[in-house]
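Contents: one structure, followed by commentary.
In the numbering used here, the protein residues as written are 12 to 197.
Structure representation (structure tokens):
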């Protein structure tokens, strides 16, 4: 019996067995992100970036977040939030992992990571067992079902949008060089 208080989306009873990768409605909401704060009063958008950098950044965001819209496609294919699918893929590729290592790899806090792992355990995507090297911690490992779902996440998120696939090899090489340079500066 689910004894969770109203608003608590965790199911404390044994979940029904889930199909291999069939989408399941995800009733629990994702945490609300902090509001985006603009530049200090009187400062132009871009926090000191020139207009070219601001324009390129807007175009990159549009391509990734709106044109490709990977988050929506992943959510529709797997029936879980993008963050949960991202966590599952991270466990599948990097695991087994401790909860703290998973949280660090996802740039998430420990409580949110724990809730995410609970969700994935309840649906049969991962297991959580005592860490033989340190009994105070748990190791999270992907199951066969979870590996299949992680493969769907990889297929969907790694498929470039048509706008990118339509670029010439020379343009792709140039774009890769530019992005590599920008990422190394972070």
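Yeah, the Cβ is synthetic: ideal placement off N, Cα and C, and Gly gets one too. What you are looking at is a predicted structure, and each value in this text was computed from that prediction instead of being measured.
| Check | Outcome |
| --- | --- |
| Simplified DSSP state of residue 163, which is helix, strand or coil | helix |
| N- and C-terminal bounds of the beta strand (DSSP E) containing residue 111 | Per DSSP, residue 111 belongs to no beta strand (DSSP E); it is in the alpha helix (DSSP H), 110–117. |
| Local Cβ density within 10 Å of residue 60, reported as buried at 16 or more and exposed below that | exposed |
| Rounded separation between residue 180 and residue 170 - CA only | 17 Å |
| Proximal residues to residue 152 (C-beta, below 6 Å), its chain only, five neighbours per side dropped | 106, 107, 138 |
| The segment 83–96 in contact with the segment 161–168 per 3-pair CB rule at 8 Å | yes |
| Reduced DSSP secondary structure (H/G/I, E/B, other) of residue 120 | coil |
| Cutoff 7 Å; reference residue 78; Cβ partners in own chain excluding five residues on either side | 172, 174 |
| Beta-carbon contacts of residue 81 that lie in its chain and below 6 Å, excluding the five residues immediately before and after | 168 |
| Of the residues 110, 118, 123, 156, the one placed nearest residue 148, counting alpha carbons only | 110 |
| Residue 199, enclosing alpha helix (DSSP H) - first and last residue | Only positions 12 to 197 of the chain appear in the structure, and residue 199 is not among them; the question remains open. |
| Exposed unless 16 or more other CB atoms sit within 10 angstroms - verdict on residue 71 | exposed |
| Meets three-Cβ-pair contact criterion under 8 Å: the segment 124–136 and the segment 91–105 | yes |
| Inter-residue spacing [alpha-carbon to alpha-carbon] between residue 154 and residue 114 | 19 Å |
| Test item: CB-CB of residue 103 and residue 158 under 9 Å | yes |
| Beta-ladder partner(s) of residue 139, from DSSP | 151 |
| Distance CB(residue 131)-CB(residue 99) smaller than 9 Å | yes |
| Extent of the continuous alpha helix (DSSP H) to which residue 173 belongs | 173–176 |
| Pairwise C-alpha distance: residue 116 and residue 69 | 26 Å |
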